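Q:
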Amino acid sequence: MLGAAENVILIGGSAGSYDLIIQILKALPAYFTCAIIVVIHRNSKYETQIESSLSSQLEKNIESAQDKGRIKQNWIYFAPPGYHLLIEPNKTFSLDQSEPIQFSRPSIDVTFESVADVYGDKASAFLLSGANQDGSNGIAHVLRNGGQAFVQNPAESKMDVMTKYAISQNENALICDNKKIIQYFSTIN
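Take a look at the structure:
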């Protein structure tokens, strides 16, 4: 049985981020000791099978985060559409249906901030393409809590509003091109 994850890598994105997220997940090694949490803006009115489809295609442990579920190493979790995804101090998930933030539920900011509060310097966050300002406050919170923050180069973002805004608000975030982001994930342990 896999143990609890002591480190978390966050990936947040919206419009235009899906293709890069797939490339990132394909680049992952067969085993890694962290957990990966992905927050994509998705409309809960439309049922998708992203998690099961990717799990089967990539032969990796991928699922939608479940309320009260334990955060395990070598797993990839997606925030379910229609819920904000939070992390409890005992390193379990909590789902919340409060008001959308930046017109989004799940909110990237909510998850990034919650993970930063629990994991501190054991959290890393990647913010990718999107058409609103969600994620910028979360990046700031990750940095304030000792974690690392990376923002996709806006020149390579399909929609650069999210990445440009995050960079303008977070001077300590590292700007990375797609190739460097994929390389980072291919070497995690």
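Under my numbering, the first residue of the sequence shown carries the number 33, and numbering increases by one thereafter.
Glycine included, each C-beta is placed from N, C-alpha and C at the ideal position.
On a predicted model such as this, the values are computed, not experimentally measured, just so you know.
1. For the alpha helix (DSSP H) holding leucine 206, just list the boundary residues, first then last.
2. In the structure shown, what three-state DSSP assignment does alanine 181 receive?
3. Taking only the alpha-carbon atoms, compute the straight-line gap between tyrosine 109 and isoleucine 94 and give it to the nearest angstrom.
4. If you draw a straight line from the alpha carbon of alanine 198 to that of valine 183, how long is it in whole angstroms?
5. According to DSSP, is glycine 170 part of a helix, a strand, or is it coil?
6. Does the beta-carbon of alanine 157 have 16 or more other beta-carbons within 10 angstroms, so that it is buried, or is it exposed?
7. Verify whether the separation of the beta carbon atoms of glutamate 145 and histidine 116 is less than 8 Å.
8. Roughly how many angstroms lie between the CA atoms of proline 61 and glutamine 129, to the nearest whole one?
9. In the DSSP assignment, what are the bridge partners of lysine 104?
10. Relative to the C-alpha of threonine 219, which candidate in Ala36, Ile41, Ala37 and Gln81 has its C-alpha closest?
11. Is DSSP giving tyrosine 115 helix, strand or coil here?
12. Under 8 Å, do asparagine 202 and leucine 52 count as touching if we go by C-beta distance?
13. Can you check DSSP and say which residues form a bridge with aspartate 192?
14. Ordered along the chain, which non-local residues of its own chain (more than five positions away) have a Cβ less than 6 Å from that of lysine 190?
15. Just tell me which of Ile213, Asp153 and Ser168 has its CA closest to the CA of glutamate 188.
16. What did DSSP end up calling isoleucine 220 once you bin it into helix, strand or coil?
17. Go to glutamate 145, then tell me how far its alpha helix (DSSP H) extends in each direction, as first and last residue.
18. Between isoleucine 111 and proline 138, is the Cβ-Cβ spacing less than 8 Å?
A: Judging by the given coordinates:
1. To locate residue 206, count along the sequence shown from 1; it is residue 174. Taken as a continuous stretch (DSSP letters only), leucine 206 belongs to no alpha helix (DSSP H), being part of the beta strand (DSSP E) at 206-208.
2. In the sequence shown, counting from the first residue as 1, residue 181 sits at position 149. Shown here, alanine 181 sits in a strand according to DSSP, grouped into three states.
3. Translated into the one-based positions of the sequence shown, residue 109 becomes position 77. Translated into the one-based positions of the sequence shown, residue 94 becomes position 62. Their backbone Cα atoms lie some 6 Å apart in a straight line.
4. Working through the sequence shown from its first residue, we reach residue 198 at position 166. Working through the sequence shown from its first residue, we reach residue 183 at position 151. CA-to-CA, the gap between alanine 198 and valine 183 works out to about 7 Å.
5. Residue mapping note: residue 170 aligns to position 138 of the sequence shown, counting from 1. Note: glycine 170 maps to helix in three-state DSSP.
6. Here residue 157 refers to the residue found at position 125 when the sequence shown is read from its first residue. It counts as buried.
7. As a first step, residue 145 is located in the sequence shown; it is residue number 113 there, counting from the start. As a first step, residue 116 is located in the sequence shown; it is residue number 84 there, counting from the start. For glutamate 145 and histidine 116, no; Cβs fall outside 8 Å.
8. Counting from 1 along the sequence shown, the entry for residue 61 is found at position 29. Counting from 1 along the sequence shown, the entry for residue 129 is found at position 97. Distance between the alpha carbons of proline 61 and glutamine 129: 34 Å.
9. Working through the sequence shown from its first residue, we reach residue 104 at position 72. Beta-bridge pairing links lysine 104 to Ala36.
10. For the purposes of this step, residue 219 is taken as residue 187 along the sequence shown, with counting starting at 1. In terms of CA proximity to threonine 219, Ile41 leads the group Ala36, Ile41, Ala37 and Gln81.
11. Residue mapping note: residue 115 aligns to position 83 of the sequence shown, counting from 1. Correct three-state label for tyrosine 115: coil.
12. Translated into positions along the sequence shown, residue 202 becomes position 170. Translated into positions along the sequence shown, residue 52 becomes position 20. Not closer than 8 Å, so no.
13. What you label residue 192 is simply residue 160 of the sequence shown in a count that begins at 1. Per DSSP, Gly162.
14. Taking the sequence shown and counting its residues from 1, the one referred to as residue 190 is at position 158. Within the same chain, and ignoring the five residues on either side of lysine 190 in sequence, the residues whose Cβ sits closer than 6 Å to its Cβ are Gly48 and Ser161.
15. One-based indexing of the sequence shown puts residue 188 at position 156. Looking at Ile213, Asp153 and Ser168, the one whose alpha-carbon comes closest to that of glutamate 188 is Ile213.
16. In the sequence shown, residue 220 corresponds to position 188, counting from 1. Isoleucine 220: coil per DSSP, three-state reduction.
17. Counting from 1 along the sequence shown, the entry for residue 145 is found at position 113. For glutamate 145, the enclosing alpha helix (DSSP H) covers residues 140-151.
18. Counting from one through the sequence shown, the residue named residue 111 turns up at place 79. Counting from one through the sequence shown, the residue named residue 138 turns up at place 106. Note on residue identity: the sequence assigns alanine, not isoleucine, to residue 111. Cβ atoms of alanine 111 and proline 138: closer than 8 Å.
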